[in-house]
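Residue numbers (the working numbering), protein chains in the order written: chain Y, 1 to 223; chain B, 224 to 446.
There are 2 protein chains.
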Amino acid sequence: METQIGHIASLIGDPVRALILWTLLDDKAYTATELAISANTSPQNISMHLSKLVQADLLTVERQGRHAYYRFSKQEVAYAIEAIANLVPVEQQKKIVHSKHNAAIKHCRTCYDHLAGNMGVSIADSLLKQAVIIEKGKQFELTTKGAKWFLQLGIDTKELQQQRRIFLKPCLDWTERRYHIAGSLGASLLDTMLAADWVRRTKNSRAIVITAAGEKKMREYFR
Amino acid sequence: METQIGHIASLIGDPVRALILWTLLDDKAYTATELAISANTSPQNISMHLSKLVQADLLTVERQGRHAYYRFSKQEVAYAIEAIANLVPVEQQKKIVHSKHNAAIKHCRTCYDHLAGNMGVSIADSLLKQAVIIEKGKQFELTTKGAKWFLQLGIDTKELQQQRRIFLKPCLDWTERRYHIAGSLGASLLDTMLAADWVRRTKNSRAIVITAAGEKKMREYFR
DNA sequence: TTCATAGTTAAGTTCAAATTGAAGTGTCAA
DNA sequence: TTGACACTTCAATTTGAACTTAACTATGAA
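So, in structure tokens, the structure goes:
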């Protein structure tokens, strides 16, 4: 029995696999490529790791066409990971608080040209909280503080406002049923994040993956 | 955070450390040497592993004279290990049942010259169940089947019965408040187990440690 | 004091497991 | 049918962590 426990624990213990499991903690299915990006490793390597996790029945695969979707095989896997997370020494726990928020924004999609899904909604929330934007009636408005905030990211809001396209508007996300930022401002926010490699597009789908570097930066800017 | 989880999991994941943690699961304190014996490795090596576990705050040490007593630093450690144990595939779960019994007999002592404590009581129970011995009034009696059983272990019961010393009697263990096997039969059972390296005496105490090999054998003979 | 024991520390070796590189299978779209 | 893509497999390489050998500290008993 000790042997089996050791085996399971060592599976969770590898840095790459820990990242995989952490990513899957939102209980959604991810493709091998998505996981490779978020764990920052090669496709061959992620494939090797995933097959080990499947063999130990921590994960299951579902194959659809040329994609392989990986997810937890049972809830108990998440429980075990949370129990381990619970052992992380207190000095290092500050990071957990942010990470929990992170976990919530892990799954995200693009809505036409701007960020939607959990992530888009979370970003909109954060910007409202930081008074970068404010709600006016059924619209969003940029504050003067907000203009400076976007300038930090290299986004010139004055220039965007002169374009013909609608500058800023709330967009209702049908999965979240809450608002996120659309319009030219939302689009250039996404462009900036893609350019800075905070997030990457996956081919053939509207899914977006957050890179390791992006996670840090987003914590900084969106709390 | 993922990194921390990976770190903790890899600490649990090492075979030797998994054995240490499994041993400590009864929530008692063990010395380094006791743990070295039950994990079947060298003192230097166990010391290295223990210091890692202490540094990660999974264990705490208490030093008394020249002994170092190790125990879980908090209950959460046991929870995490149980959560991982919970992930062991069903085909391999049969072993758990035995192991739970095992955990129960892990802590044991000697009573004069025979096995007492949890282990002594468990062995007595097993021998009664297997009809190696039977209860007659307030005494134990060896069955003919039992004589053969002891012969398997290389113990000649006929010879023992001719000695002046009392052959077989129940002995009440004050910690367990239940009976175990004393008399010359109990003594030679312990001798045999020591000779076969199923268990070892620790110096300076009445404690007895079960070796890895002993665990297997005892499962075989005592179920 | 001397000797044995419990435990730790440090340097060197060994080995298993992650990674990389190269190549192959199957799917989808032009 | 061709090429791009998603994923996997296999051999070759690298590397990090466990283990070993050796030496040292501290406690306790003769």
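Built from N, CA and C at the ideal position, the CB exists for glycine as well.
Proximity of residue i and residue j at Cβ, strictly below 7 Å
i: Ala232/B; j: Ile12/Y; result: yes
i: Ala252/B; j: Arg289/B; result: no
i: Leu151/Y; j: Leu185/Y; result: no
i: Glu470/B; j: Ala18/Y; result: Only positions 224 to 446 of chain B appear in the structure, and residue 470/B is not among them; the question remains open.
i: Ser73/Y; j: Leu59/Y; result: yes
i: Ala262/B; j: Val284/B; result: no
i: Leu190/Y; j: Ala303/B; result: no
i: Pro312/B; j: Asp156/Y; result: no
i: Arg219/Y; j: Val209/Y; result: no
i: Lys371/B; j: Ala354/B; result: no
Exposed unless 16 or more other CB atoms sit within 10 angstroms - verdict on residue i
i: Ser265/B; result: exposed
i: Lys216/Y; result: exposed
i: Glu305/B; result: exposed
i: Ala436/B; result: exposed
i: Leu142/Y; result: buried
i: Leu258/B; result: buried
i: Gln227/B; result: buried
i: Met342/B; result: buried
i: Ala255/B; result: buried
i: Ala85/Y; result: buried
i: Thr110/Y; result: For Thr110/Y, the predicted structure reports a pLDDT of 47, less than 50, and the residue's modelled location is therefore unreliable. A value from the coordinates is still provided. Buried, since its Cβ has 16 or more Cβ neighbours within 10 Å.
Own chain residues within Cβ distance below 6 Å of residue i, not counting five before or after
i: Ile346/B; result: Phe445
i: Tyr112/Y; result: Since pLDDT at Tyr112/Y reaches only 46, below the 50 mark, its modelled position is unreliable, and no value is offered.
i: Leu127/Y; result: Ile133
i: Asp237/B; result: none
i: Leu376/B; result: Thr415
i: Arg286/B; result: none
i: His101/Y; result: For His101/Y, the pLDDT reaches just 35, beneath the cut-off of 50, and the residue's location in the model is therefore unreliable, leaving the point undetermined.
Contacts around residue i, its chain only, beta-carbon distance under 7 Å, and the 5 residues preceding and following it disregarded
i: Val54/Y; result: Thr60, Val61
i: Ile46/Y; result: Ala32, Leu35, Ala36, Ala39
i: Ala68/Y; result: Thr31, Ala32, Val61
Own chain residues within Cβ distance below 8 Å of residue i, not counting five before or after
i: Asp420/B; result: Thr434, Ala436, Gly437
i: His7/Y; result: Ala56
i: Lys52/Y; result: Leu11, Arg17
Handout entry: Contact list for the region 8 to 32 of chain Y against chain B, Cβ threshold 7 Å
Key = Ile8, Ala9, Ser10, Ile12, Gly13, Asp14, Pro15, Ala18, Leu19, Trp22
Practice task
Would you list, in chain order, the members of the region 37 to 66 of chain Y that have their beta-carbon closer than 8 Å to a beta-carbon of chain B?
Solution key: Ala56, Asp57, Leu58
Handout entry: Interface positions of the region 69 to 88 of chain Y facing chain B (Cβ-Cβ less than 7 Å), listed along the chain
Key = Glu76, Val77, Tyr79, Ala80, Ile81, Ala83, Ile84, Ala85, Asn86, Leu87, Val88
Exercise for the section: Residues of the region 367 to 392 of chain B with a CB closer than 7 Å to any CB of chain Y: list them in chain order, please. Expected result: none
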